[in-house]
Every structure is written in C-alpha cells, then in structure tokens.
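Worksheet: the structure to be examined is printed underneath.
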Amino acid sequence: MKRILPILIPLSLLVVVFLHGKTQGSIELDTYQKGDLQPTETQKKVERMVFGILSNYHYRKVPVNDSLSSKIFDAYIKDLDPNKVYFLESDIKEVEKYRFTIDEQLNLGDLTSAFQIYNLYQKRMMERFDYIEKVIKQPVDFSIDESYQPDREKSAWAKSTTELNDYWRKDVKRQLLDWKIGGKADTTAVRELADRYKRSAKYMARTRAEDVFQVFMNAYTESIDPHTSYMIPKTADEFNKDMAQSFEGIGATLRLEGDYVTIQDLVPGGPAFRSKQINPKDRIVGVAQGDNGAFVDVIGWFTDDAVKLIRGAKGTVVRLKILPGSGVTGSPTTEVRIVREKIKLEEQTAKKEILNFKQGATTYKLGLITIPMFYRDFEGARKREADFKSTSADVRKFLNEFKQEGIDGLVIDLRNNGGGSLIEAVELTGLFIPKGPVVQRKQSDGRISQEVDRDPVQVYDGPMAIMINRFSASASEIFAAAIQDYKRGIIVGEQSYGKGTVQSVIDLDNYMDEKDPAGQLKITLEKFYRVNGSSTQHKGVNPDFALPSAFSAEEFGESSQPSALPWDMIPTTSYTPTNNIVGPALAQLQTAFQVRLKTKPDLVKLKQDFERWKKIKDQNSISLNFEKRKKELEEQKKKPDDSQSVMDALGGTDEANSDNTKKEKDADKHAKDAYLKETQQILSDWISNGARKIAKMP
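Next up, the structure:
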C-alpha cells in the first residue's frame, strides 16, 4: 500500500484523506447454514484494507495479537447484547473459540467470527420474540409483590432459557403496568405491545449483511480508539449530510443502541438543542406528525427508517416521545413538540448580550458571548472574501461593540461546545493575547508543531471568565487551556470532556475498484497538547473554580472510554504569560468562592439536586405491584425535577423558545442558571479587587 497523504481540514477537527494503491491477496471462503447472513466479497476486501490502514497509520500503533483479538470479541458481544438478555451462558462458551482468532482473520478478510456470532444472536433474538408472543397473551396479575431489575449489564449471563424467560416476562409486565397506570385499557395495551414486538421481529428479519459488518468493524475500530470508526455507505451518506448541515429536521444525529433509536449529538442552536428537553443518550420511542397525528412506535426500528419519520419540511411539526437517557430507572416518557427547520452549520453562530450584575452598591456591566461551536466559512476564506463568516470575526465585532458600551468584564460561555475549526480556536485566542503559540500538535511519528497567533494586537485585554462543562470538548478545550496557561482569564465550571485527538475521514472508494461502495473510515492521526506541554486528552481542562457537577469522568467524557488514548506530556513550548490573573489574586477569589459553595442557597441546592439525581440514577429496581409502582411514579412526578436542575446547569434557559408572557421574558432569563450567576459573582469579585479594566472607546 502506498503512503496515505492527509490533507488537513480543520472543520470539527477532522481531516480528509485520499488513499492510493490496492491490496492484493487471497480471501478465505466461509461456509454458512441456509438462511444465515453472509459477508460480501467487497466487505472482505474492505476489512483487509481497514486493517492495513489502521495497522500502519493510526496514531496508536496497537500490536495485532491475542490481546487485541480478545478486546474486539468482548466489544462485539457487548455491542450486540449490552444488557445480557439474548445470549445464554452456553452461547458465550460456544463462541469463545473465536476470542483469540479475530486478529488472524482481520488481515485475511475472514469474517467468520463476525457473522457466525451474529447469526447466533439473531436466532436468540427471534426466540425472544416467539416467547413474548406467547407470554403477552397470558393473564397478568398486578397484585403480586414482585420487582424487576432492568439493568443486567453487570449481571452474569443467564444459565438457562427459563432464567431469560423470567426477565422477559417481567419486562412485558412492567410495560403493561405503566400503560395501565397511565390510563390505557388492558386490551389496547396488550395489542399495542404485541404490535411493537411483531414490528421489531420484522425489522430484525430485514437485517442485512452491511448492518452486521458495520457493528463488527466498529467493535474492531473502537477497540483501538473511541473516535476511530468505520461507516458503511448509507451511514457515510448520513455523516456527510450531517457535516454539511443542509437537511431539514430537528438538528440531531441518531444511532441505534440495542432496540432504541438514540440521540447521539445535538446541533448547537438547532430545534432539538433549543427545546432544552432533549439530550444526548435520550431514546426516541415514538414519532408523531403535526399537532394531532398519532404516535408511531419506533422501538426496534432501524435508524434510517426512524430518520425518515423525524425529518421533514421546514416549518412542519414533529412530536417525539422521549425516554430519558439519564439512567433513571422507570422514568416515564415525555412528549416534545418541535418545529422542523433548515439546519445549516453556519447558522449556529455566536451571540452576545449585556448582563447587569449588582454587588452591594455597585452594578457591574458584563458582556456575555455564547459560542455554541467553532465555525468558519472555508470557501469564503479560500476566495479571500473580506467578510467571510467565522467565530473569531463575530467575536471581534462583539468585543468592539462592548468597548463602545463600556463593559467592566467579559464572560465567554463554552458549555456544550463540542469543538469545530482548529483555525478558529487559534484565531479566537489571538483576540485576547499579545501573540504566541496556542496549541501543540504531535503526529504518530513523534513530530511536533505549533499553531501560533502572530498578531500582537489584543482586541480585549480586560478581565474575563470562560465557562466550560463536561461537554465542552476539542477546540473549546484548546481555547480554554490557552487562556488558562497564559494566565489571561479565569476558568469556571466543570472539568471538560478531555478529547485531545484529531481524526481524518478516508473515503475508501477513492482507491478500491469495487462495484459496490466501500464506505468511509474515520481514523485518529494526531494528538493535541497545551503550550505548557500537557495533553488535553483524558484530563481536559480543570477549571480554576469547580462548580458542583452531575457527571463524573468515569460516566461521561474521554475517561469513560476504555480504549481512549492515554494522557501524556511533551516539552513546554516557549510562551510569555500575560499574568492578568496571578496566584495571590486567584487565591483570594478562591477563598470567597469556597465559602459560597457551602453557604450560597443556589449552589447548595444544586449540589443536593445532583446528589439526589445520582442516587435515583443508580437505582435498579422497579416494583411490578400496581399500588407500589403507582406510588413510585407519583413520587417521581411530585418531587423537584432533579433532572431539570441538571439541564439548567448545562446551559440555562432559552428566551427564544420560551412560552412565557412578555413580562416574564423581560425578567432575568438566566434566573435558573446557577453556573452563570456564580461566574458573574467571581468575575465581579475580581473586578472589585482591582483587576485590570479596559478603557471605554471614545
């Protein structure tokens, strides 16, 4: 294979790679039973090609041995049956013979393990549907005092069909019970649940070889690195549409996890994002058209079929029935009404406003800039258009307007900002520092380079605070880390995501002479490092002022991924801190902040809400007794909505999406945003203690 030639395109920190050359070699033929799914010749060749690319060009040079084979095996089994409700213990013992052979099969284009395991999985799933068809017709006694543990991920594999039958009987009973408590007639509930599983069985029967291939290939790629993945042609098409952001819909990317179509990401500023009712990991269980259309149950549907229902013409209404992905056991579904829009990446732009924060007898005028993503019109930049759209250009304009208005300090909100253009992260940093390196890049061969701001002009040199949370990633981390390392401002919030890698998208069709499309490969090629030499991988950016958090690194973020690249350090590059915020001043602010953490009602309540939410989330038992289950659901409804506290902390409220009266809209729309209020407090303390102020423009 000839060398891969990467062409870096800093959009979402992705690059596009063109490959040249072909792979030669024999392909082992497999035998299958009648009716089994079988791989195509193209898929066998793609497997070999992906193996060659990852072995030679991935940042992490992972030895292809029994250890990797075992990881792929475990990942594949988990992807197929994460809750351990289809395979039996005897099945796992039967397929154990493949545990240490996958590494040898990869280079041969041998997909025996992948398809034999999947065919057994499909057989077991169809057996479950047959059982459900029988059990759903039997009378159900809701007066029996029994409980149900829905989460079996940490349980042992069922030793017998009888053991699995008991789980599925209770699962059916739980669904019927919740519908009964909700007022649905018994006969209607039974009919609708039976239809749901019949539909799931039909979709399972429609599974194609390419679906199996993608699941297996991603078990392979994600065993090397969580951000490396293979996309079959139809998935690649969806990915390209999402990157172009030129479709009409709700502004969300979806993936199939188990039986559920699951929210993977939200487009910042899109309809789903602005609703504040939909979040990553939430599951869509029903879709309805318009304000009066009937819900279509989409449990068990393929993602592309569900997408056809969710997408639609601009201005039309779609209603989604959402099952929270927070992990709260037995949570009822919620209905979310969304007006579809034309989703365009370039429209998700930065916004500004003035906040007036009163402290004692003084009112501080603070500028707030919210940046949902790092965007850049690359085509306009290529044509050297004077006013092409970009994050740094918009923020520069806002800063000059703030100078005219005479702000005392600046807040930049990067919460939930998953990244974007690397160029923009560098350009944005340059607005606040005199000049110097912003981020370091290290390639797999050890070569290190820097991205440098060469403009000595500081557009804004006054006191500033950067807000981050667990979902601030990539370019957001580069910017926040640079501001922190240059001692230019303070960082407030949660530890950020910890994604310090850059990926490339490879179009496999560019070098494979196959009749069938080959798909695309997303591969990790580089790592990012702060100017102080520390990687942002895993650790992300630790805030100077850590606010209560609902999320641990083990649950969300790079550290939650077993195959994530490790944290490490490289030499510090040469840079000159501005020293706008130095040790003694930071310590003084910290002292007051620590007191407020223990005494300020908003922060105390937020911490208590998070602790209650975590306890509820960790529960794994649902009563199947009518009276007890009814009481459980009533308790959930009358309790303070701890989940809403989490969402408020993630990003506050959205005035544009509010149905409040005009009077309420004119009030503080950030009233529930404890993170933002505390950030204003810290910044105001800094200003009152003598922070450098900017001069108002004449």
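In terms of the working numbering, the sequence shown opens at residue 11 and continues consecutively.
Using N, Cα and C, we set each Cβ at its ideal position, and we do this for glycine too.
Rounded to whole angstroms, how far is the Cβ of Leu64 from the Cβ of Asp101, which I believe are closer than 8 Å? Translated into the one-based positions of the sequence shown, residue 64 becomes position 54. Translated into the one-based positions of the sequence shown, residue 101 becomes position 91. 29 Å between Cβ atoms; not a contact.
Assuming the contact rule is C-beta atoms closer than 8 Å, Val721 and Val541 should be a hit. Round their C-beta distance to whole Å, please. Outside the modelled stretch of the chain, which goes from 11 to 708, sits residue 721, for which no answer is possible.
Beta-ladder partner(s) of Phe555, from DSSP: Taking the first residue of the sequence shown as 1, we reach residue 555 at position 545. For Phe555, which the question treats as bridged, DSSP gives the partners Val502.
When DSSP labels each residue in this structure, what does Val145 get in the three-state scheme? Residue mapping note: residue 145 aligns to position 135 of the sequence shown, counting from 1. In the structure shown, Val145 sits in a helix (DSSP, three-state: H, G or I).
Please report the residue range of the alpha helix (DSSP H) in which Leu409 lies. Locating residue 409 in the sequence shown gives position 399, counting from the first residue. From DSSP, the alpha helix (DSSP H) with Leu409 extends over Thr401 to Glu415.
Note down the Cα distance separating Phe555 from Lys362, rounded to an integer number of angstroms. Translated into positions along the sequence shown, residue 555 becomes position 545. Translated into positions along the sequence shown, residue 362 becomes position 352. Cα to Cα, Phe555 sits roughly 23 Å from Lys362.
Which same chain residues, not among the five before or five after Ala391, have their C-beta less than 7 Å away from its C-beta? Here the question's residue 391 lines up with position 381 in the sequence shown. Taken in chain order, the residues that qualify are Phe398.
Inter-residue CB distance, Val225 and Asp89 (contact presumed, cutoff 8 Å): Taking the first residue of the sequence shown as 1, we reach residue 225 at position 215. Taking the first residue of the sequence shown as 1, we reach residue 89 at position 79. The pair is a contact, with the Cβ atoms about 5 Å apart (cut-off 8 Å).
With Met474 as the anchor, note down where its beta strand (DSSP E) starts and where it stops. Position 464 of the sequence shown holds residue 474. That run of the beta strand (DSSP E) goes Met474 to Ile478.
Thinking C-alpha only, which one of Ile626, Asn630, Gly62 and Phe636 is nearest Gln646? Sequence index remark: in the sequence shown, residue 646 carries index 636 (1-based). Cα-wise, what sits closest to Gln646 is Ile626.
Identify the residues that DSSP records as bridge partners of Leu330: which are they? In the sequence shown, the residue the question calls residue 330 occupies position 320. Note: Leu330 sits in a beta bridge opposite Val297 and Val346.
According to the neighbour-count rule (16 or more other Cβ atoms, all chains shown, within 10 Å of its Cβ), is Met579 buried or exposed? Residue numbering aside, residue 579 sits at position 569 when the sequence shown is read from its first letter. By the 10 Å Cβ count, Met579 comes out exposed.
Report, in whole angstroms, the separation of the C-beta atoms of Ile692 and Leu613, which I expect to be a contact under 8 Å. Along the sequence shown, one-based indexing puts residue 692 at 682. Along the sequence shown, one-based indexing puts residue 613 at 603. Contact doesn't hold; Cβ gap of about 12 Å is too wide.
Which class does Glu163 belong to by DSSP, given the choice of helix, strand or coil? The residue you call residue 163 lines up with position 153 of the sequence shown. Looking at Glu163 - three-state DSSP - the assignment turns out to be coil, as it is neither helix nor strand.
Inter-residue CB distance, Gln274 and Leu266 (contact presumed, cutoff 8 Å): Counting from one through the sequence shown, the residue named residue 274 turns up at place 264. Counting from one through the sequence shown, the residue named residue 266 turns up at place 256. So it is not a contact: roughly 10 Å between Cβ atoms.
Limits of the unbroken beta strand (DSSP E) element including Pro447: What you label residue 447 is simply residue 437 of the sequence shown in a count that begins at 1. Here the beta strand (DSSP E) through Pro447 covers Gly446 to Gln453.
Taking Cβ positions, are Phe505 and Val551 nearer each other than 9 Å? As a position in the sequence shown, residue 505 is number 495, starting the count at 1. As a position in the sequence shown, residue 551 is number 541, starting the count at 1. Contrary to the premise, residue 505 reads as Gln rather than Phe in this sequence. Taking 9 Å as the Cβ cut-off, Gln505 and Val551 qualify as a contacting pair.
Check Lys672 in the structure and name its three-state DSSP category. Looking up residue 672 in the sequence shown gives position 662. Legend: pLDDT at Lys672 = 42, less than 50; position of this residue unreliable, value from coordinates given subsequently. Lys672 falls in the helix class under three-state DSSP.
Would a C-beta distance cut-off of 9 Å place Thr343 and Thr401 closer than the cut-off? By 1-based counting over the sequence shown, the position of residue 343 is 333. By 1-based counting over the sequence shown, the position of residue 401 is 391. In this structure, Thr401 does not lie closer than 9 Å to Thr343 by Cβ.
Would you mind stating whether Tyr158 and Lys183 have Cβ atoms separated by less than 9 Å? Reading the sequence shown from its first residue, position 148 is the one you call residue 158. Reading the sequence shown from its first residue, position 173 is the one you call residue 183. Yes; because the gap between Cβ atoms is below 9 Å, this pair is in contact.
What first and last residue would you give for the beta strand (DSSP E) that runs through Gly377? What you label residue 377 is simply residue 367 of the sequence shown in a count that begins at 1. Unbroken beta strand (DSSP E) run through Gly377: Thr372 to Thr380.
Grab the span of the alpha helix (DSSP H) containing Phe388 for me, first residue to last. Residue mapping note: residue 388 aligns to position 378 of the sequence shown, counting from 1. That run of the alpha helix (DSSP H) goes Phe388 to Arg392.
For the putative contact between Glu366 and Gly335, defined by C-beta atoms under 8 Å, what is the C-beta separation to the nearest angstrom? Position 356 of the sequence shown, counted from the first residue, corresponds to residue 366. Position 325 of the sequence shown, counted from the first residue, corresponds to residue 335. This sequence places Asn at residue 366; Glu is not what is there. Incorrect: roughly 37 Å between the Cβ atoms, too far for contact.
Spatial neighbours of Ala563 in its chain, beta-carbon cut-off 6 Å, leaving aside the 5 residues before and after: By 1-based counting over the sequence shown, the position of residue 563 is 553. Closer than 6 Å at the Cβ level, and outside the excluded window around Ala563, lie Ser569.
Classify Lys147 as buried or exposed, calling it buried when 16 or more other Cβ atoms lie within 10 Å of its own Cβ. Working through the sequence shown from its first residue, we reach residue 147 at position 137. With fewer than 16 other Cβ atoms within 10 Å, it is exposed.
Output the distance between the C-alpha atoms of Ser698 and Gly419, rounded to the nearest integer angstrom. To locate residue 698, count along the sequence shown from 1; it is residue 688. To locate residue 419, count along the sequence shown from 1; it is residue 409. The alpha-carbon atoms of Ser698 and Gly419 are separated by roughly 11 Å.
Val515 - containing beta strand (DSSP E), residue span: Numbered from 1 along the sequence shown, position 505 holds the residue referred to as residue 515. Counting along the chain, the beta strand (DSSP E) containing Val515 begins and ends at Thr511 to Asp517.
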